[in-house]
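So the sequence shown is residues -22 to -1, 1 to 215, counted in mature numbering (1 follows the signal peptide of the UniProt record, and there is no 0).
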Amino acid sequence: VIHTWLSNPLLFIFLHLQSSKCSVPPCDVLVGGSVTLQCYYNSTQVASHYSWYRQEGQNHLHITNVQPQDMALYFCGSSHNNIVEFGEGIFLNSISKHVTQEPTLALAVPGSSVTLNCSVRPGTCTEDHSVYWLKQGSELGLLHTHGSRCKPHGPKSGAQSCRYHLQKHSVSKGDAGTYYCAVASCGEVLFGNGTVLQVSDPNDVHIVVLVWLSIVRTGVLLLLISMCLLVYCIRST
């Protein structure tokens, strides 16, 4: 249990994880990432002493390179007039598995091929995992599945990840949509952030460009005619 001692009562604590705030427990952080436990108190008096486990002199606790053993229930408390009070606490959950999809946006033309990538970091789970590809709103269900075959990717000294691919050949406009990579292992399923596939016909783009050019030329022609009429009227008077 990590705690802090303040000279005034403390009522709450919350986590700041990267660019997002988490005020409702539990809070998740990836293994190897960083997290800051922010401790505030509402009082006109100045705190005389801060004390966290493994850190002194600061009211915010910074944890870098988060590991599974950091998973715990954290409390921020205060001591005032021999009365010790604690906030409700927040459970910090370290996530070792992570699913990443790239690219987030894929552009294709009808008849071409496109490859969607999915990177899986198994983490501490020793069981084989299965990878599924799904399309949002598709009535066909699963599009493709991978067994436990893994192609290691990344530096040998760092966390290894497995890469999977979904290749679509001769795409059509009906293939447009959002595709998700799902990983099932150790009794849970994790989803990637999704890849949006946009399929557009170059001919459609050319038609749009021609229409806009026609509109611009028509506008310029009308402007010239108006100017000529204006000059004629001025000279006539």
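Quick reminder that beta carbons are idealized off the backbone N, C-alpha and C, glycines included.
Between residue 47 and chain E, is any beta-carbon pair separated by less than 8 angstroms? No chain E appears in this structure, which consists of one protein chain only.
Could you tell me the alpha carbon to alpha carbon distance between residue 171 and residue 77, rounded to whole angstroms? 8 angstroms
In or out: residue 206 buried (at least 16 other Cβ within 10 Å) or exposed? exposed
Can you grab the Cα-Cα spacing for the pair residue 86 / residue 121, in whole Å? 19 angstroms
Using a threshold of 8 angstroms, state whether the C-beta atoms of residue 81 and residue 156 are closer than that. no
Which value, in whole angstroms, describes the spacing of the CA atoms of residue 40 and residue 17? 11 angstroms
My guess is that residue 167 and residue 160 are in contact by the Cβ rule of under 8 angstroms, so how many angstroms apart are they, rounded? 6 angstroms
Identify whether residue 97 lies in helix, strand or coil by the three-state DSSP scheme. strand
Candidates 88, 99, 42, 64: which alpha carbon is nearest residue 179's? 88
Could you tell me the alpha carbon to alpha carbon distance between residue 302 and residue 53, rounded to whole angstroms? Beyond the ends of the chain as shown, which are -22 and 215, falls residue 302; an answer cannot be given.
Other residues of its chain near residue 11: CB distance less than 6 angstroms, five sequence neighbours each side excluded: 44
I need the straight-line Cα distance from residue 210 to residue 188, nearest angstrom please. 33 angstroms
Suppose you measure from the CA of residue 111 to the CA of residue 163; what does that come to, to the nearest Å? 15 angstroms
With DSSP collapsed to three states, give me the class of residue 152. helix
Can you look up residue 206 in the DSSP assignment and give me helix, strand or coil? helix
In this structure, how does DSSP classify residue 145 when only helix, strand and coil are distinguished? strand
Straight-line CA distance for residue 200 to residue 92? 46 angstroms
Tell me whether residue 15 is buried or exposed, calling it buried when 16 or more other Cβ atoms sit within 10 Å of its Cβ. buried
Which same chain residues, not among the five before or five after residue 42, have their C-beta less than 6 angstroms away from its C-beta? 12
From the DSSP output, in three-state form, read off residue 17 for me. strand
Contact set for residue 143: own chain, Cβ-Cβ below 8 angstroms, skip 5 residues either direction: 93, 94, 95, 96
What is the rounded straight-line gap between the Cα of residue 215 and the Cα of residue 202? 20 angstroms
Could you please give the first and the last residue of the uninterrupted beta strand (DSSP E) stretch that includes residue 76? 76 to 80
Please work out which residues of its chain come closer than 6 angstroms, Cβ to Cβ, to residue 59, disregarding the five sequence neighbours upstream and downstream, and give them in chain order. none
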